[in-house]
Amino acid sequence: MSSESSPRNIVVIGAGVVGLTTAVKLQEQTGYRVTIIAETFPTDPKTIKYTSLWAGAHHVSHAAEDAKMMAIDRESFEVMWELSAPGGAAEHCFLRIPQADYCLDGRNECLDWMPDFKQLSGDALLGGAISGSSFTTLTIDTPAYTAYLLARFISRGGTIVRGAVQHISQVIEGGPNLFRSGKSSSEPVDALVVCPGLGARTLGGVEDKDVYPVRGQIVIIRAPWIDFGRTISHVEQGLWTYVIPRRCGDVILGGTKQDNDWYPIARPETTTDILQRCLALCPELVPPSIRAQGPGTVDDLRPLILEEGCGFRPQRKGGIRLGVEWVKGRGGQGLVPVVFNYGHGGGGYQSSWGSATIASDILANSLANPPTPGSLTASAE
Ligand SMILES: Cc1cc2nc3c(=O)[nH]c(=O)nc-3n(C[C@H](O)[C@H](O)[C@H](O)COP(=O)(O)OP(=O)(O)OC[C@H]3O[C@@H](n4cnc5c(N)ncnc54)[C@H](O)[C@@H]3O)c2cc1C
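Position 50 of the sequence shown, counted from 1, bears residue number 50 in UniProt numbering, the numbering being contiguous throughout.
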């Protein structure tokens, strides 16, 4: 371990929204020198191996009666609300919008803490919904926001290294240099923070088979006249139809939720299905000049399409893994804490700051209270 006066070397694996947010959070604590190692960064071309660029994304918590998840989501909303304020540090990445949520299964989403919350009833419920609500939320322009997080991390002294880690022991023994120069770092790694999203399934030393993909297909259209969000859903039936406008004027239309479906590109028939469902939910998607002459059709939406694609939500049975394990360090170093923060499924943006706080607390506690011989109890989840 580094001496008491020198900063601790912390390595974060993963540069999706979870790894970036966690790295930024750790960097704000005193006494850490933080390095991110990742195979893919936000400014790279989109790839199925990097979920964060495929998200809508909006902040509409799915936590409902799960108090721990709700606290995580609420903290994240508060941070993003501040970032998105007029003149705020990342205003350009967010759009504050009125949102309507319709539930075909009549569930209570427990969102009465959101700004301007109203329960909807009677004629205000669209599309056969049994319950619903309206409130103000924010949407996230995912390429702009992940780039903002990366820039914030680097500008405050963070280091990034590109590398595909095969086993966490490579980082523990060799340090970040191994992936930069092929030689081991002179200073030991004091702690590892593991945020690889779906990569947790295959990353050696983690290999968490409770992590699996939930495929989500989307269509991105250009429709700057849309300044509100709408969702209609049925949890048991896995039905999710949503319209998410971004500040830049693009609108994300979705979606699908297919467990363990690894098909990595858009299916044309699903694109048509998404357009049909979104048009039924939101006829305002049709350009105003066409709507002036009567209701539009799916064919009126096709010329607006910028991109079709899909991403793999990194779902985990049992929810997000937030915990610590101790592994053997490099020769003579003793044990090193490995903190986990992955498995955010369909809510990695809306839970990013809250889960980063918990990961940061686990790390601080671990470094302050290393295990005594014989006291090790694997994970502290
Ligand atoms: C269609 C769709 C819509 C969504 N909508 C929303 C929404 O509205 N709101 C919301 O909050 N969330 C939404 N999500 C979910 C959100 O996108 C994810 O929860 C989030 O992006 C997960 O981020 P992550 O950092 O865990 O994973 P990723 O973004 O996949 O990042 C993983 C990182 O780990 C790195 N990595 C992995 N393995 C290794 C390895 N072995 N070596 C080195 N690096 C490695 C990768 O290179 C990458 O940098 C949506 C997702 C989809 C697909």
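Cβ atoms here follow ideal geometry from the backbone N, Cα and C, with glycine treated the same way.
All of these numbers come straight from a predicted model, not from anything done at the bench.
Beta-bridge pairing of residue i - partner residues as DSSP gives them
| i | result |
| --- | --- |
| W240 | S233 |
| I274 | Beta-bridge pairing links I274 to no other residue. |
| A191 | I10 |
| E308 | V219 |
| F340 | V194 and G323 |
| V286 | For V286, which the question treats as bridged, DSSP gives no partner whatsoever. |
| R33 | N9 |
| V161 | I37 |
Alpha-carbon to alpha-carbon, residue j and residue i
| i | j | result |
| --- | --- | --- |
| R302 | H59 | 27 Å |
| residue 382 | L95 | The question about residue 382 has no answer, for the chain in this structure spans 1 to 381. |
| A89 | T35 | 23 Å |
| Q333 | V214 | 40 Å |
| L125 | G132 | 6 Å |
| A364 | E269 | 49 Å |
| V243 | I168 | 39 Å |
| T146 | G347 | 15 Å |
| R162 | V171 | 12 Å |
| P176 | R33 | 12 Å |
| L178 | R201 | 23 Å |
| T47 | Q258 | 18 Å |
| T271 | K68 | 35 Å |
| E28 | R180 | 25 Å |
| R107 | N369 | 43 Å |
| E308 | T241 | 15 Å |
| D44 | K328 | 34 Å |
| C103 | P314 | 24 Å |
| K25 | M114 | 24 Å |
| G343 | A292 | 46 Å |
| S379 | A129 | Confidence at S379 is low in this model, with a pLDDT of 44, below 50, so its placement is unreliable and the value that follows should be read with caution. Going by the C-alpha atoms only, they are around 42 Å apart. |
| M1 | E173 | Caution applies to M1, whose pLDDT of 48 falls short of 50 and renders its modelled position unreliable; the value that the coordinates give is listed next. Looking at the two C-alpha atoms, the distance is approximately 12 Å. |
| E39 | A164 | 5 Å |
| R267 | E207 | 30 Å |
| T21 | A15 | 9 Å |
Local Cβ density within 10 Å of residue i, reported as buried at 16 or more and exposed below that
| i | result |
| --- | --- |
| R277 | buried |
| D116 | exposed |
| A356 | buried |
| L306 | exposed |
| Q350 | buried |
| G19 | buried |
| F340 | buried |
| N9 | buried |
| G255 | buried |
| S185 | buried |
| T377 | The predicted model places T377 with a pLDDT of 48, which falls under 50 and marks its position as unreliable; any figure quoted below should be read in that light. By the neighbour-count rule (16 or more Cβ atoms within 10 Å), T377 is not buried but exposed. |
| W225 | exposed |
| E381 | Residue placement at E381 is flagged as unreliable, the pLDDT there being 43, under the threshold of 50; the coordinate-derived value follows with that caveat. So E381 ends up on the exposed side. |
| F228 | exposed |
| P288 | exposed |
| W326 | buried |
| S155 | exposed |
| T142 | buried |
| A85 | exposed |
| A151 | exposed |
CB contact flag (residue i, residue j, <7 Å)
| i | j | result |
| --- | --- | --- |
| Y148 | C93 | yes |
| S366 | S76 | no |
| R316 | V211 | yes |
| I252 | G56 | yes |
| S52 | V17 | yes |
| L192 | V324 | no |
| A359 | F153 | no |
| V235 | D105 | yes |
| L285 | I232 | no |
| I13 | P196 | yes |
| G216 | G311 | yes |
| Q166 | F135 | no |
| T72 | G354 | It should be pointed out that residue 72 corresponds to Ile in this sequence rather than to Thr. Contact: yes. |
| I265 | V219 | no |
Chain B within 7 Å of residue i, Cβ atoms only
| i | result |
| --- | --- |
| D273 | No chain B is present in this structure, which holds just one protein chain. |
May I have a chain-ordered list of the alpha helix (DSSP H) segments no shorter than 4 residues that lie completely inside the segment 55-118? 67-83
Would you list, in sequence order, the uninterrupted beta strand (DSSP E) runs of no fewer than 3 residues that lie entirely inside the segment 116-157? 131-140, all fully within the segment 116-157.
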